[in-house]
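Undergrad: Residue numbers (this note's numbering), protein chains in the order written: chain A, 1 to 172; chain B, 173 to 344. From the three backbone atoms N, C-alpha and C, an ideal C-beta is built for every residue, glycine too.
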DNA sequence: GGCCACTTGTCATAATATAACATTTCCGCT
DNA sequence: AGCGGAAATGTTATATTATGACAAGTGGCC
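1) Relative to the C-alpha of residue 64 of chain A, which residue among A:87, A:116, A:47 is closest?
2) For the beta strand (DSSP E) that contains residue 334 of chain B, what are its first and last residues?
3) Pick out whichever of B:306, B:316, B:275 has its Cα sitting closest to the Cα of residue 367 of chain B.
4) What are the partner residues of residue 199 of chain B, as DSSP defines its beta bridges?
5) When burial is assigned at 16 or more other CB atoms within 10 Å of the CB, is residue 29 of chain A buried or exposed?
6) Can you name the residues that DSSP bridges to residue 61 of chain A?
7) What residues from the region 136–159 of chain A come within 7 Å of chain B, judged by C-beta to C-beta, listed N to C?
8) Check whether the Cβ of residue 112 of chain A lies closer than 9 Å to any Cβ atom in chain B.
9) Could one say the Cβ of residue 102 of chain A lies closer than 9 Å to chain B's Cβ atoms, at least one of them?
10) Give the range of the alpha helix (DSSP H) segment to which residue 90 of chain A is assigned.
11) Distance check for residue 198 of chain B and residue 48 of chain A, CA to CA, integer angstroms please.
12) Is it true that the region 46–62 of chain A meets the region 92–111 of chain A, where meeting means three or more beta-carbon pairs spaced less than 8 Å apart?
13) Rounded C-beta distance between residue 150 of chain A and residue 223 of chain B? I'm assuming under 8 Å.
14) Could you tell me the alpha carbon to alpha carbon distance between residue 253 of chain B and residue 300 of chain B, rounded to whole angstroms?
15) Bridge partners of residue 227 of chain B, per DSSP?
16) Along the chain, where does the beta strand (DSSP E) that runs through residue 286 of chain B open and close?
17) 9 Å is my cut-off, CB to CB: does residue 341 of chain B come that close to chain A?
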C-alpha cells in the first residue's frame with residue numbers, strides 16, 4: 001500500500017478517479033451534505049468524524065484504517081486503532097463512505113444520499129477507486145437468489161483492472 | 173456441484189448451500205476434475221493441495237485460512253500459516269476455489285472448469301456460501317468502465333443476506 | 001445539579017497475512 | 001541411474017488488519 005507516484009497537480013483540478021474535477025469544491029460539498037444529513041437525523045457529526053471524512057475526500061483512492069489513523073493522530077486525535085475504526089464505521093454506516101473489501105480499505109462515497117448499490121473500479125496499479133452506480137438485484141445474481149430463496153440484503157461489486165492513466169503507462 | 177437434479181439417498185443427503193444434493197459424490201467429482209485439470213496442465217496436485225481441496229469441499233461454507241491450517245495440521249501437514257495460505261493460493265489460482273473477500277475466507281468452486289465470473293450469496297447467519305454464475309461485466313458496471321476507459325480484468329460480486337433456512341428461523 | 005446515552009481515548013489482544021530461507025521433492029536431461 | 005534446476009514444503013519471524021473492554025469526558029434533558 002505504498003502511496004506511489006500519484007499525480008498531484010495544481011491546486012484544485014486533479015485528474016483523479018479517472019476524471020478531472022474541482023476537488024476542493026467536491027470536498028466542501030460532500031462535507032456539507034454529510035453535516036446536513038446528520039443534523040436531520042440527529043446524528044453527531046463530531047470533529048473526529050468530520051476529520052476522517054475530509055481525509056478520505058482528499059483522495060479518490062482507498063485508505064487503510066491505519067493510514068487513516070496516522071492522519072488522525074497527526075491532526076491531534078487519539079492514536080489507537082479504535083479511533084480510526086470507529087470514525088470509519090460511522091461514515092460507512094451512514095453512507096458517507098464505503099469499505100472496499102478487496103483492499104481492506106475505505107473510500108469516500110462519491111454520491112452520498114443517492115440510493116446506494118454502488119460498484120467500484122479499482123486500479124491495481126495506482127489504487128485509485130472510482131464508484132459507479134449499479135442497479136440493485138441485477139441479472140444473474142437476482143435470478144439465482146429468487147430461484148433458491150436467498151434474501152439479498154446488500155451486494156458488493158468490485159472490479160479490479162487498470163485505470164486509463166495506468167493502462168497508457170503499461171501498454172501501447 | 174449440482175449437475176442437474178439427481179436422485180439422492182437418505183444418508184448422503186445434506187441440506188447445504190440452500191439445496192440438497194449428494195455430497196460424497198460432489199466431493200469425488202470435484203477432486204477428480206481438479207486432478208484431471210492439473211494433469212492436463214502439468215500442475216502438481218500434491219497431497220497438501222488435494223487435502224485442502226477436500227477439506228473445502230466438506231463444507232459449503234467459507235473456511236478461514238487458520239481454520240484450514242488447523243485441519244491440515246490435524247491431517248499431518250505443516251502447522252504454520254504459509255502451509256494453508258499456499259495451498260489456498262494454488263486452489264484459487266487454478267479455479268478450484270474462490271476467496272470470499274467479505275469474509276476473508278475461502279470456498280470450493282461449485283463449477284470448476286466453467287468460464288468464471290462467479291457471484292456469491294453469503295448467509296450472514298450461518299455463513300453458508302452459494303455460488304451463482306454471473307455474466308461477465310454487463311450492465312451498469314461495464315457501461316461505466318467503457319465510459320471512463322477503465323479496463324476490467326476481474327470482477328467480484330458478493331451478496332450478503334439470509335439463506336432460506338435462516339430466514340425461516342429468523343421470522344415467519 | 002443529576003441523570004442518561006453516547007463518544008472518546010487507551011491498553012491489550014485477536015485475527016489475518018506475508019517475508020525470508022533452509023530443505024526436500026520432482027521432473028527433464030544426459 | 002545420476003545430475004541440475006525449478007518448484008514445493010516446512011519453519012521462524014514479523015507485518016497488517018481488526019476488536020474487546022473499560023475509564024473518562026461530553027452534551028442533552030429533566
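TA: Reading it off the structure:
1) With distances taken between Cα atoms, residue 64 of chain A lies closest to A:87.
2) Unbroken beta strand (DSSP E) run through residue 334 of chain B: 323–334.
3) With chain B running from 173 to 344 in the structure shown, residue 367 of chain B is simply not present.
4) Here residue 199 of chain B is not bridged, per DSSP, to any residue.
5) Looking at its Cβ environment, which holds fewer than 16 other Cβ atoms inside 10 Å, residue 29 of chain A is exposed.
6) Its beta-bridge partners are A:128.
7) Under the 7 Å Cβ criterion, the region 136–159 of chain A contributes 138, 139, 140, 141, 144, 145, 148, 149, 150, 151, 152, 153, 154, 155, 156, 157, 158, 159.
8) No, residue 112 of chain A does not count as interfacial toward chain B.
9) Judged by the 9 Å Cβ criterion, residue 102 of chain A is in contact with chain B.
10) In the DSSP assignment, residue 90 of chain A falls within the unbroken alpha helix (DSSP H) covering 81–93.
11) When rounded, the distance between both Cα atoms is 52 Å.
12) Taking 8 Å as the limit for Cβ pairs, the verdict is that the region 92–111 of chain A does touch the region 46–62 of chain A.
13) Between residue 223 of chain B and residue 150 of chain A the Cβ distance is about 30 Å, and since that is not below 8 Å, they are no contact.
14) Using only the alpha carbons, I get a separation of about 24 Å.
15) For residue 227 of chain B, DSSP assigns no beta-bridge partner whatsoever.
16) No beta strand (DSSP E) contains residue 286 of chain B, which DSSP labels as neither H nor E.
17) Look at residue 341 of chain B: its C-beta is not under 9 Å from any C-beta on chain A.
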